[in-house]
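Some notes on the structure that comes next.
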Amino acid sequence: MTSPLQMPLSDAELIELDGFLLATEEGEERLLLDEAHGFTTALLVSRQPYEQAAWLESIWGEPRFGSGAESEHLTALMLRLRQSIVEQLA
Numbered sequence: 012m013t014s015p016l017q018m019p020l021s022d023a024e025l026i027e028l029d030g031f032l033l034a035t036e037e038g039e040e041r042l043l044l045d046e047a048h049g050f051t052t053a054l055l056v057s058r059q060p061y062e063q064a065a066w067l068e069s070i071w072g073e074p075r076f077g078s079g080a081e082s083e084h085l086t087a088l089m090l091r092l093r094q095s096i097v098e099q100l101a
């Protein structure tokens with residue numbers, strides 16, 4: 012059975028993640044989706060250890076999530092994106 016974190020992102024989920032990354036407020040700095048993909052790929056191929064929190068902060072700074080559920084959902088999408096990159100690099 013496939014773990015939820017191993018499921019590839021659907022087109023709708025990619026659009027949702029892209030929309031979140033594009034919806035910056037004044038003072039927020041976020042990477043765009045393609046930049047987040049490239050940054051994550053670079054981290055993975057560098058084989059340097061990194062903390063999940065630092066990785067996410069590098070991508071979306073200190074975002075203002077609407078709720079804890081939104082934070083968990085978007086974090087799960089980013090983890091699934093990371094896992095899909097791992098599988099592509101294998």
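Quick note: to get my numbering, add 11 to the position in the sequence shown (first position is 1). Note that beta-carbon positions come from the ideal geometry of N, C-alpha and C, so glycine has one too. Here the structure is a predicted model, which means the values were calculated and not measured.
Item to check | P74 (DSSP reduced to helix, strand or coil) | outcome: Sequence index remark: in the sequence shown, residue 74 carries index 63 (1-based). P74 carries a coil assignment under DSSP once its states are collapsed to helix, strand and coil.
Checklist entry - In terms of alpha-carbon separation, which member of L20, A80, L67, S14 lies closest to T51? => result Along the sequence shown, read from residue 1 onward, the residue named residue 51 stands at position 40. Out of L20, A80, L67, S14, L67 has the C-alpha closest to the C-alpha of T51.
Checklist entry - Residue ranges of each alpha helix (DSSP H) run of no fewer than 4 residues wholly in the region 53-98, ordered along the chain? => result Correct list: 63-71.
Item to check | Residue burial classification, R58 (beta-carbon count within 10 angstroms, cutoff 16) | outcome: By 1-based counting over the sequence shown, the position of residue 58 is 47. Around the beta carbon of R58, fewer than 16 other beta carbons sit within 10 angstroms, so the residue counts as exposed.
Item to check | Element boundaries [alpha helix (DSSP H), containing A23] | outcome: Your numbering for residue 23 matches position 12 in the sequence shown. Looking at the DSSP string, the run of the alpha helix (DSSP H) that includes A23 is 22-33.
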